[in-house]
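In terms of the UniProt record's numbering, the sequence shown opens at residue 5 and continues consecutively. I have placed the structure first, in the form of structure tokens, so that the comments after it can refer back to it.
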Amino acid sequence: LPILLLNGPNLNTLGVRQPDVYGADTLDDVVTTASRVAEGLGYPLTARQTNHEGVMIDWIHEARGAVSGIVINPGAWTHTSVALRDALVVPEVPIVEVHISNVFAREEFRHHSYVSPIASGVIAGCGIAGYDYAVRQIAAILA
Ligand code: DQA
């Protein structure tokens with residue numbers, strides 16, 4: 005079963021929004037690299053991004069029984085959404101939370117995550133390489 009790579013709001017603007025914080029690479033670059041890493045480990049990668057919370061929640065529900073693990077950068081929903089966190093327990097697969105920036109070195113409101121307590125692991129501040137680490141971690145947990 006594939007590894008599911010989910011990106012939340014505004015991550016479609018990677019490479020354009022605050023490149024000093026999030027880098028110059030685009031979401032396409034992220035997906036290309038993460039797909040290569042996943043395939044090298046024997047997993048296809050399915051990648052999705054949305055700016056709509058309900059759409060994201062529907063995708064997470066549909067992942068139950070259909071994916072082997074989830075890598076998610078929930079963007080700002082990290083800090084706001086109980087609904088997203090509740091959805092993420094539905095598939096009953098390992099989840100790794102990724103933040104490109106070091107959220108703990110930024111504003112106070114980014115220090116709390118609703119998602120972290122239900123994640124297997126959390127990666128922050130490693131730039132887009134964090135997505136690759138997360139894919140590797142999912143594969144390691146499944147092995
Ligand atoms: C982010 C950090 C969040 O605080 C922010 O709202 C984002 C991106 C990151 O990847 O560093 O949109 O999740």
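Where is the CB? At the ideal position from N, CA and C, for every residue including glycine.
query, result
"Counting along the chain, where does the beta strand (DSSP E) carrying V75 start and finish?", "73-77"
"If I127 and V97 are in contact, beta carbons under 8 Å, what's the gap, nearest whole angstrom?", "Their Cβ separation, rounded to whole angstroms, is 17 Å, which puts I127 and V97 out of contact at 8 Å."
"Does the contact criterion of 3 or more C-beta pairs under 8 Å hold for the stretch 135-146 versus the stretch 26-43?", "yes"
"Once DSSP output is grouped into helix, strand and coil, what is the label at I99?", "strand"
"Report yes if the C-beta distance between A123 and P13 is below 8 Å; otherwise report no.", "no"
"Would DSSP call V86 helix, strand or coil?", "helix"
"Return the first residue and the last residue of the beta strand (DSSP E) that G51 is part of.", "The residue asked about is misnamed: residue 51 is Ala in this sequence, not Gly. That run of the beta strand (DSSP E) goes 49-53."
"Enumerated in chain order, which unbroken segments of the alpha helix (DSSP H) with a length of 4 residues or greater are wholly contained in the stretch 123-147?", "133-146"
"For L92, does the three-state DSSP call read helix, strand or coil?", "helix"
"Please return the same chain residues whose Cβ sits closer than 7 Å to the Cβ of Y47, not counting the five positions on each side in sequence.", "P6, I7, S72, A143"
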